[in-house]
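Visitor: I am attaching a structure below and will ask some questions about it afterwards.
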Amino acid sequence: MKRPMVIAGALLTALLGSAHAAPLRTLPGLTSVTFWEVTNSLRGITYPPTDPRLTAVRSDPLGPANQDFEGAATEYYDVFYSDADGNFNADGAYVTVTATFDFGYPAGGGLNIAEVELAFDDGTTEHADRVASFVALGDNAIPPSAGLAADGDRNTWTTLGNTRDQAERLRLTLGFPSSGPTVPEPSSAPLVAAAVALVALRRRGAPGSSGP
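Here my numbering = 1-based position in the sequence shown + 58.
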């Protein structure tokens with residue numbers, strides 16, 4: 059009856075091993091993080107990896123005196139390291155872009171990010187390769203555009219809407235190849251518990267085991 063133990067052990071190893079995603083700010087050789095934002099034209103906003111704007115999250119409300127950078131009128135950005143759900147984590151393996159924007163349709167939507175780029179001291183660069191999660195709001199949002207921030211093309215960008223009469227920010231959370239495997243969602247916890255229980259049960263019932 060070794061097969062169930064092997065399966066359970068492999069499941070546990072896979073689930074637990076995938077939790078060790080590397081903090082972005084400590085990636086070897088990382089020199090900068092650039093946000094390619096589009097307001098009338100493309101522009102890059104670049105920070106060193108330990109910049110306090112990346113290692114902290116701003117309190118609400120965002121505004122002219124409380125923002126990391128500004129796009130169009132009333133469009134204020136806050137960017138930071140996070141987990142896959144966009145929760146602030148200075149040691150997170152993801153970058154989250156949040157924004158507020160007051161203009162609805164017929165104005166175009168806000169939070170317009172073409173790419174987020176990591177640069178390394180050997181001259182190489184790396185773009186986000188996946189959208190972990192996002193929040194699009196309002197009547198000028200284009201939710202499918204979220205994926206355009208992870209397509210490697212600076213000629214395409216997100217349009218996530220507006221925050222007029224909304225209680226939360228627009229949000230885009232991105233992952234990178236160098237930050238390693240994704241962190242398991244909370245739904246993985248029951249699978250981990252089941253794997254642990256199955257391993258323990260099989261060991262207890264195995265011939266020659268020293269379990270209680």
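Cβ coordinates follow ideal geometry from the N, Cα and C atoms, glycine included.
Go to tyrosine 152, then tell me how far its beta strand (DSSP E) extends in each direction, as first and last residue.
Guide: Here residue 152 is taken as the residue at index 94 of the sequence shown, counted from 1. Here the beta strand (DSSP E) through tyrosine 152 covers 152-158.
Visitor: Grab me the residues of glycine 219's own chain with a C-beta within less than 7 Å of its C-beta, minus the 5 sequence neighbours each way, in chain order.
Guide: Translated into positions along the sequence shown, residue 219 becomes position 161. Gly167, Gly168, Ala194, Leu195, Gly196, Asn198, Ala199, Leu228, listed in sequence order.
Visitor: Look up glutamate 243 in the DSSP assignment and say whether it is helix, strand or coil.
Guide: For the purposes of this step, residue 243 is taken as the residue at position 185 of the sequence shown. Because glutamate 243 carries a pLDDT of 42, less than 50, the predicted location of this residue cannot be relied on, and the following value inherits that uncertainty. Reduced to three states, the DSSP call for glutamate 243 is coil.
Visitor: So, are the CB atoms of alanine 79 and serine 237 less than 9 Å apart?
Guide: By one-based count along the sequence shown, residue 79 stands at place 21. By one-based count along the sequence shown, residue 237 stands at place 179. In this structure, serine 237 lies closer than 9 Å to alanine 79 by Cβ.
Visitor: Check this for me: beta carbons of valine 174 and leucine 232, under 9 Å apart or not?
Guide: Translated into positions along the sequence shown, residue 174 becomes position 116. Translated into positions along the sequence shown, residue 232 becomes position 174. Contact: yes.
Visitor: If phenylalanine 234 sits next to threonine 89, beta carbons under 8 Å apart, how far is it from one beta carbon to the other, in whole angstroms?
Guide: Taking the first residue of the sequence shown as 1, we reach residue 234 at position 176. Taking the first residue of the sequence shown as 1, we reach residue 89 at position 31. Actually they are not in contact, since the Cβ atoms of phenylalanine 234 and threonine 89 sit about 14 Å apart, beyond 8 Å.
Visitor: Can you tell me the Cα-Cα spacing of glutamate 95 and arginine 101, whole angstroms?
Guide: As a first step, residue 95 must be located in the sequence shown, where it is residue number 37. As a first step, residue 101 must be located in the sequence shown, where it is residue number 43. Near 6 Å, if we compare the C-alpha coordinates of arginine 101 and glutamate 95.
Visitor: For alanine 148, which residues in the same chain have their Cβ closer than 6 Å to its Cβ, ignoring the five residues on either side in sequence?
Guide: The sequence position of residue 148 within the sequence shown is 90, counting from 1. Taken in chain order, the residues that qualify are Thr113, Tyr139.
Visitor: Quick one: give me the first and last residue of the beta strand (DSSP E) that glycine 102 is part of.
Guide: Taking the sequence shown and counting its residues from 1, one reaches residue 102 at position 44. Unbroken beta strand (DSSP E) run through glycine 102: 99-105.
Visitor: Just the C-alpha distance for alanine 157 and glycine 181, rounded to the nearest angstrom, thanks.
Guide: Residue numbering aside, residue 157 sits at position 99 when the sequence shown is read from its first letter. Residue numbering aside, residue 181 sits at position 123 when the sequence shown is read from its first letter. Approximately 30 Å, taken between the alpha carbons.
Visitor: Scan the stretch 160-241 and note each continuous alpha helix (DSSP H) run of 4 residues or more that stays entirely inside, going in chain order.
Guide: none
Visitor: To the nearest angstrom, how far is it from the Cα of phenylalanine 159 to the Cα of proline 86?
Guide: On the sequence shown, residue 159 is found 101 positions in, with the first residue counted as 1. On the sequence shown, residue 86 is found 28 positions in, with the first residue counted as 1. Using only the alpha carbons, I get a separation of about 36 Å.
Visitor: If we count Cβ pairs, one from each stretch, closer than 8 Å, do we get three or more for the stretch 207-217 versus the stretch 121-137?
Guide: Output reads no: the stretch 121-137 does not touch the stretch 207-217.
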